[in-house]
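Please read the structure below before turning to the comments.
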Amino acid sequence: MITVGLTGGIGSGKSTVAKMFEDLSIPIFIADIEAKRLMNSSKIIRRKLIKEFGDNAYTETGLNRPFIASIVFNNKEKLSILNSIVHPKVHQSYNRWLKKHKDEVYTVYEAAIIFELERQNEFDYTILVTADENLKLDRLIKRDNTTKEELQKRMNNQWSDEKKIPLADFVIENDNLNHTKAQVSIINSQLIKKHNS
Numbered sequence: 000m001i002t003v004g005l006t007g008g009i010g011s012g013k014s015t016v017a018k019m020f021e022d023l024s025i026p027i028f029i030a031d032i033e034a035k036r037l038m039n040s041s042k043i044i045r046r047k048l049i050k051e052f053g054d055n056a057y058t059e060t061g062l063n064r065p066f067i068a069s070i071v072f073n074n075k076e077k078l079s080i081l082n083s084i085v086h087p088k089v090h091q092s093y094n095r096w097l098k099k100h101k102d103e104v105y106t107v108y109e110a111a112i113i114f115e116l117e118r119q120n121e122f123d124y125t126i127l128v129t130a131d132e133n134l135k136l137d138r139l140i141k142r143d144n145t146t147k148e149e150l151q152k153r154m155n156n157q158w159s160d161e162k163k164i165p166l167a168d169f170v171i172e173n174d175n176l177n178h179t180k181a182q183v184s185i186i187n188s189q190l191i192k193k194h195n196s
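Laid out in structure tokens, this is it:
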């Protein structure tokens, strides 16, 4: 089985691309969804987050995402601490998930910060989703109902596309859906070919 890491900056549309692979019957592991689940269900993560971020890290209903976000997107050190608490547990979940899909041609792991965490070598291939900066901002303002300034702060915590492109095996320019779908189809065929050879 081939393992593929799918990544892209905030607003690039990597979730849209992941869905396109899923529509081709490719198993997808979405790190962000698993991280959210674990932050609400793991007692160990909960204890560490409260120790690091204080009692406001959780409310009666679970993780206080706006509170945590307001801290980590303004403080790279705190973001790094958050990642060091959550990512190892997500990785354990991924390894268990991978065993269940060992008979597949290939699987896709979708996460925002594969290159930033130097995790590209854990996958056989990596796919980077890119998009024009203004298009990213437009998508995010509509999606998150937030300001350009807030989004810029979040973008500044991630590497630029220019820095990531040389590290990726495949690059998908997500500028319009038909073009994106065509690129996904080509990469899918290439991965099947690589598996069969």
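In this text, residue positions in the sequence shown follow numbering that gives the first Met the number 0: the first is 0, and each later residue adds one.
C-beta: ideal position from N, C-alpha, C; glycine also.
The structure presented is a predicted model; accordingly, all values stated were derived computationally and were not measured.
Asked                                                                                                         : Found
The beta strand (DSSP E) enclosing I29, as first and last residue numbers                                     : 27 to 29
Minimum C-alpha distance to N187 - residue among D22, Q91, G10, S14                                           : D22
Beta-carbon gap between F28 and W96 smaller than 8 Å                                                          : yes
Cβ neighbours of A34 in the same chain (closer than 6 Å, five flanking residues each side left out)           : V85, V89
Cross-strand partners of F169 (DSSP beta bridge)                                                              : I126
Stretch-stretch touch, CB-based, cutoff 8 Å, three pairs: the stretch 119 to 138 with the stretch 163 to 170  : yes
Secondary structure, alpha helix (DSSP H): runs of 4+ residues fully inside the stretch 28 to 95              : 30 to 40, 42 to 52, 64 to 71
Per-residue burial, I44 [other beta carbons within 10 Å of its own, 16 or more giving buried]                 : buried
Burial state of S69 (16 or more Cβ within 10 Å)                                                               : exposed
Other residues of its chain near M154: CB distance less than 7 Å, five sequence neighbours each side excluded : G8, I9
Euclidean distance between Cα positions of I67 and S41                                                        : 17 Å
Rounded separation between G61 and E172 - CA only                                                             : 36 Å
Close beta carbons around D123, own chain, < 6 Å, minus the five adjacent residues each side                  : I1, T2
Cross-strand partners of E148 (DSSP beta bridge)                                                              : For E148, which the question treats as bridged, DSSP gives no partner whatsoever.
Boundaries (first-last residue) of the alpha helix (DSSP H) holding V183                                      : 176 to 195
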